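Structure first, commentary second.
2 protein chains.
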Amino acid sequence: MTMIADYVAAHRNAFLQELIGLLQIPSISAQTNHREDVARCAQHLTQLMLASGLERAEVIPTAGHPIAYGEWLGAPGKPTLLIYGHYDVQPADPLNLWTSPPFEPAVRGTELYARGAVDDKGQVHVHLKAVETLIKTSGALPVNLKMMVEGEEEIGSEHLEEFLRTHRERLAADVVIISDTPMLQPEHPAICYGLRGLCYMEIIVEGPAQDLHSGALGGIVANPAQVLAEIIAKLKSPDGRILIPGFYDKVRPLSREERKRLASLPMTPQEWLQLTGSPRLSGEPGYPVVEQLWARPTLDVNGIVGGYIEEGAKTIIPAKASAKISMRLVPNQDPKKIATLFERHIRQLVPPTVKVAVLNHHGAKPFYMALDHPACKVAAGALAEGFGHPTNFIREGGSIPFVNTIAELFGKPCLLIGFGLPDEQAHAPDEHLHLPNYFTGVAAMAEVYERMAALRSA
Amino acid sequence: MTMIADYVAAHRNAFLQELIGLLQIPSISAQTNHREDVARCAQHLTQLMLASGLERAEVIPTAGHPIAYGEWLGAPGKPTLLIYGHYDVQPADPLNLWTSPPFEPAVRGTELYARGAVDDKGQVHVHLKAVETLIKTSGALPVNLKMMVEGEEEIGSEHLEEFLRTHRERLAADVVIISDTPMLQPEHPAICYGLRGLCYMEIIVEGPAQDLHSGALGGIVANPAQVLAEIIAKLKSPDGRILIPGFYDKVRPLSREERKRLASLPMTPQEWLQLTGSPRLSGEPGYPVVEQLWARPTLDVNGIVGGYIEEGAKTIIPAKASAKISMRLVPNQDPKKIATLFERHIRQLVPPTVKVAVLNHHGAKPFYMALDHPACKVAAGALAEGFGHPTNFIREGGSIPFVNTIAELFGKPCLLIGFGLPDEQAHAPDEHLHLPNYFTGVAAMAEVYERMAALRSA
């Protein structure tokens, strides 16, 4: 550990400059005019892979943006790790809300500001520098290591599954490590073992053939915006429970042990509230905040629109109104089944004075990994050693659809080991990375690789 | 009557061509780039006034768009009529929904298609041609006549009250005739004796400091769009009654006589439904359709918006959501008092988990005129004679704020005699005017002027 720590300490500036170079490439996967930048970023990453000591690295095309792939297979008989990250980033607008330009990385205090700093280039770079550190200090890696860094995570990982199926043999591994999740607090490492699923629906209520004059014809027809509001109001009880019949049927209760473990995590309700900026907390009664966030399903209006929404006043009865409504799901809820229950409930609430359409945008299954696999225990111990604090076992309220894809396809443990923090503005202006987490992360990840060598290989 | 009818019959084409010329001017008061067109239209109108036989006509400037004013005062000792109309028009977009261009008037069958055809240039022109007909057939008008045609009706008549106050002496009259309302059916004349008032509010609900990731932070804070929907749902009972405490307190019940009269009007509920294009009727229980439309107050969501409203899906909890909500008022509801009751009710419905703002956009008092004034009876008789059908006494669901201004300022009867039809698409693409109503209207209005001569002058 001392050699590792010494190497990292001696190369802090070199690591940082290299990361800054990676962050300067505006690899925005959603925007066609950045297609060349995305391709350039994949190419650049393979160069960094080779420079960090991987034996081979190549840009592998997909039907969309390419995947940067590298490997080091010089430890026969030892376990193989498959590392996942992504090099594409979210769009940077609104640009005027950035303190410094999103693709001109800037260090202010302990923070590195840039689009992609935490999501996810900085986390990818932790692995690259852990590889470099081990190879430079001991001449080899203690395990076999494969690294795939995709370019479409921010637009739905559309071609990842095909890539995984096509290259299944080549990607074979004993343990998958995915680095795209947060820690709860600086210097407190975390392994995420659960993600919520998603069921994203839309309701469209139609009434009059066109917008009506609310004076000339107001009083004799149902108002689609009013009807929509009444439907939405009936989706939840006053205390916030979801009223869709059967919605909670498959929800697996937490074990006493898990509840106890979650209750011991360091974030206070007040700290969670501060992350939201809301006037006060408002969650499902009877559940602590982290359970409300990670282990209980939710229903939220993501968007609603109908009628006149510009400045000032216009006296119309809108012809239609619509709402996008999504539900976060927990084990063992199934997104398709929930979509059916949702639509059935909506249709029962709609009066005959309007017409309604219910759309199913997309869904994702919840993810849950048992903590008793040896790889999980080994990683937790190594991270605790590296950071000097016990590893928190956390869950995440969001959904990462490809995690299920990987877990189901490989049938191997998927460790979600991330180095972000909840307030680092991923997807927002002034995205940043807490550099102490990054540097400690490099050393801790090297420690993870080392200890993984003791696992039995399949 | 025969001379009048003969003159109109002989000049149908000349009348129509002159009206087409007036409709060709795109006098859109709301759009700055049409300012010159608006001014040109006022000028053109004064030329038509003089050509029709008025003694004097002039363009009178206001702080906004000017007023075209004309008069004929050659009947000393006889009553004086003040005619009101407006020459400005609504914007014409969406242009692609017009069958023929909005400012290239086109006759198809019995209809004249153009922006402003019915609202309100066609109705103004009815008066001009009634004046011409009387002067050409008998050399003089039977009454004194003043005509003011404003250029800001479609943008709120902002400078009308100042104009009325400034020129109060000059505008003095015994009876005011306002032509900007519909008849119920072709060839069935109507006098409108009531308008609903208006109270236009907006509710803004704010929760998180910014849009939140609905996965990462969903489950612990109130969703402003959900809260807004719950508030709106509580504004009305399931059967449509408005639940704001005190809302109905000042509503004056209809007399048995008025209910009976309204019940005898020709439009069927099915015909009203067809005007809306809604799946079915839905109004306050216990009231016939015309009472729901004209004599009962309403509450409608005019617009609602919050969160992500573009194509596809975005998983956020919106930082805010807002709704524009307006109420149509009936005698003796007061818009200011109703605004206070509304805001008080909203504040009682808002949970402490969000913040709320309540805005009062604007209001208008309801208008109601007693039908027993001799001018009303005389006009009704003349119109019935002119159209060959009894005059319907109707009310209107909409609000025309300046009607109260005129009625209160002059203290004289205001007769709302209009020649439009409910399906003529005022404010919408393919606005049109039923030409038989126009031509018969000219002759009938000449008859109204003639019979008004018998009234006592103040």
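Sequence order for the protein chains is A and B. Heads up, the first sequence is in the numbering used here, so the first residue is 139 and it goes up one at a time. Heads up, the second sequence is in the numbering used here, so the first residue is 139 and it goes up one at a time. Glycine residues also receive a C-beta, built at the ideal position from the N, C-alpha and C atoms. Quantities reported herein were computed from a predicted structural model and do not represent experimental measurements.
Minimum C-alpha distance to V314 of chain B - residue among B:N575, B:E546, B:P567:
B:E546
V580 of chain B - DSSP class collapsed to helix/strand/coil:
helix
For K452 of chain A, would you say it is in contact with chain B, using Cβ-to-Cβ distances shorter than 8 Å as the test?
Chain B contact via Cβ: present.
Verify the CB distance criterion: does G345 of chain B have a CB-CB separation below 8 Å to chain A?
Interface residue, yes.
For H499 of chain A and chain B, any beta-carbon pair shorter than 8 Å?
yes
Does the beta carbon of L272 of chain A sit closer than 8 Å to a beta carbon anywhere in chain B?
no
Alpha carbon to alpha carbon, how far is R390 of chain B from A189 of chain B?
So the two alpha carbons sit approximately 47 Å from each other.
Given A244 of chain B as reference, the closest of B:R178, B:P417, B:Q162 once Cα atoms are compared:
B:Q162
Contact list for T491 of chain A against chain E, beta-carbon separation under 9 Å
Given the protein chain composition of this structure (A and B), no chain E is represented.
Rounded to whole angstroms, what is the Cα-Cα separation between T319 of chain B and I484 of chain A?
41 Å
Ignore the nearest five residues each way along the sequence and tell me which others in N470 of chain A's own chain have a CB closer than 8 Å to its CB.
K388, V389, R390, P504
In the structure shown, what three-state DSSP assignment does G204 of chain A receive?
The question names Gly, but residue 204 of chain A in the sequence shown is Pro. Residue state, collapsed to three classes: coil.
Limits of the unbroken beta strand (DSSP E) element including L554 of chain A:
552-555
Specify, as a first and last residue, the run of the alpha helix (DSSP H) that Y386 of chain A falls within.
Counting along the chain, Y386 of chain A falls outside any alpha helix (DSSP H), and DSSP gives it neither H nor E.
Do you know offhand how far P280 of chain B's Cα is from N151 of chain B's?
Near 26 Å, if we compare the C-alpha coordinates of N151 of chain B and P280 of chain B.
Where do the N-terminal and C-terminal ends of the beta strand (DSSP E) with L497 of chain B fall, by residue?
493-502
Contact criterion: CB-CB distance below 8 Å. Does V427 of chain A meet it with respect to chain B?
yes
If distances are taken between C-alpha atoms only, which option among B:L553, B:V586, B:P560 comes closest to Y222 of chain B?
That would be B:L553, whose Cα lies nearest to the Cα of Y222 of chain B.
Segments assigned beta strand (DSSP E), at least 3 residues, entirely inside the region 335-411 of chain A:
335-344
Near-chain A residues of the region 466-491 of chain B - C-beta to any C-beta below 8 Å:
Listed by position, the residues of the region 466-491 of chain B near chain A (Cβ gap below 8 Å) are R466, P489, P490, T491.
Alpha helix (DSSP H) containing R303 of chain A: first to last residue?
298-304
Length-filtered (3 minimum) beta strand (DSSP E) runs lying within the region 176-260 of chain A:
194-198, 205-210, 218-224, 244-246, 249-251
For a contact meaning CB atoms closer than 7 Å, what does R434 of chain B contact in chain A?
G357
Give the straight-line distance between the Cα atoms of T218 of chain A and H305 of chain A, rounded to the nearest whole angstrom.
15 Å
Simplified DSSP state of M321 of chain A, which is helix, strand or coil
coil
Let's test the definition: count the other Cβ atoms within 10 Å of the Cβ of T436 of chain B and tell me whether it reaches 16, buried, or not, exposed.
buried
Helix, strand or coil at V262 of chain B according to DSSP, with G and I counted as helix
helix
Name the one or two DSSP bridge partners that F531 of chain B has.
Looking at the DSSP assignment, F531 of chain B forms a beta bridge with B:I329.
Quick one, which of A:Q261, A:H297, A:D312, A:E299 has its alpha-carbon nearest K80 of chain A's?
Since the first residue shown for chain A is 139 and the last is 596, residue 80 of chain A is missing from the structure and cannot be characterised.
With a threshold of 8 Å between beta carbons, is E325 of chain A in contact with chain B?
no
C-beta neighbour in chain B for G191 of chain A, strict 8 Å
no
Cβ of S317 of chain B less than 8 Å from any chain A Cβ?
no
Member of A:H565, A:R253, A:H511 whose CA lies at the smallest distance from the CA of K550 of chain A:
A:H511
Check whether the Cβ of R246 of chain A lies closer than 8 Å to any Cβ atom in chain B.
no
When DSSP builds the beta bridges, which residues end up paired with T436 of chain A?
A:R466
Nearest chain A C-beta to G353 of chain B closer than 8 Å, yes or no?
yes
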